[in-house]
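Since the structure comes first, as structure tokens, the remarks are kept for the end.
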Ligand code: G3P
Ligand code: CA
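In mature numbering (1 follows the signal peptide of the UniProt record, and there is no 0), the protein residues as written are -6 to -1, 1 to 263.
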């Protein structure tokens, strides 16, 4: 939506469940996307890393320590980097008990397992390539997996998939390899730089607290690689007041750990 002046009605932003509905279930697990689905949210966000033997897995940190029991299962392998563990080792870890006993036994999903569940749930995915500097070739590998899982057909490309990264280089690689894939840059380029980003991104996704209505309008003035105005999805928006501020700024999407709270605040669909 165009930025609104005080008193004008605004189109409400669409809501994306960050790392799944991660305030209510362990982040980046199948449980967290199932929870998002039960709450009625189609769009989920995730983070992709890669194991020592080249399997793409869904995890936010480059270390397994915070969200799994790796320190117990593999003591002495500090700092427990994902890239130093095989997929079989990662599959042994519990990625739920840190969050709460109800989730004991939850696993770190491979990206392939995750995509199948997103598809099963009829959901849509904002996929983040995390730490691409650690994983040479991760962009091509991710696209190959998406293609194998049927996610690069017209229907998925049009409405069900966006690939994002904090690395502009990584996003550009994705765009160059598969120009039909919608992409987003995580961050807030200067207005002067937006024209360059518009060559290869469809969305600019900044931190909510870095945004102004003027910046959102400036982004909307550019046309992306698919012939539509660039959009803005802000993160992380977890409370009613912040959600209303984001909507007033005219953002198109908000990325939230508490999507139900945001929906209630905005009356968003
Ligand atoms: O999608 C936005 C957000 O996920 C970026 O930050 O650290 O949660 O991956 P982070
Ligand atoms: Ca993320």
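Positions of the beta carbon are idealized from the N, C-alpha and C atoms, including for glycine.
Which of the three DSSP states is assigned to residue i in this structure?
i, result
"residue 83", "helix"
"residue 204", "helix"
"residue 126", "helix"
"residue 275", "Here the chain covers residues -6 to 263 and nothing more, so residue 275 does not appear."
"residue 247", "strand"
"residue 211", "helix"
"residue 58", "coil"
"residue 175", "coil"
"residue 102", "coil"
"residue 45", "coil"
"residue 241", "helix"
Go to residue i, then tell me how far its beta strand (DSSP E) extends in each direction, as first and last residue.
i, result
"residue 98", "Residue 98 -> no beta strand (DSSP E), and no H or E assigned at all."
"residue 153", "It is not in any beta strand (DSSP E) - residue 153 instead sits in the alpha helix (DSSP H) that spans 148 to 153."
"residue 76", "Residue 76 -> no beta strand (DSSP E), and no H or E assigned at all."
"residue 50", "50 to 52"
"residue 226", "225 to 229"
"residue 9", "8 to 11"
Taking Cβ positions, are residue i and residue j nearer each other than 8 angstroms?
i, j, result
"residue 53", "residue 112", "no"
"residue 76", "residue 44", "yes"
"residue 38", "residue 25", "no"
"residue 19", "residue 250", "no"
"residue 172", "residue 155", "no"
"residue 125", "residue 158", "no"
"residue 274", "residue 104", "The requested residue 274 does not occur in the structure, where the chain is confined to residues -6 to 263."
"residue 117", "residue 36", "yes"
"residue 41", "residue 122", "yes"
At which residues does the alpha helix (DSSP H) containing residue i begin and terminate?
i, result
"residue 107", "105 to 114"
"residue 136", "132 to 142"
"residue 24", "24 to 32"
"residue 168", "162 to 171"
"residue 195", "Element bounds for residue 195: n/a, residue is neither H nor E."
"residue 253", "253 to 260"
"residue 67", "64 to 67"
Item to complete: State whether the region 214 to 230 contacts the region 196 to 206, with contact taken as three or more CB pairs (one from each stretch) at a distance under 8 angstroms.
Response: When Cβ pairs closer than 8 angstroms are counted between the two stretches, the region 214 to 230 is seen to touch the region 196 to 206, the count reaching three or more.
Discussion item. Closer than 6 angstroms between the C-beta and any heavy atom of ligand 2: which residues qualify, listed along the chain?
Written reply: This selection yields 39, 41 and 122.
Worksheet item: So, do the region 179 to 196 and the region 69 to 85 have three or more beta carbon pairs nearer to each other than 8 angstroms?
Response: Cβ pair count under 8 angstroms is below three, so no.
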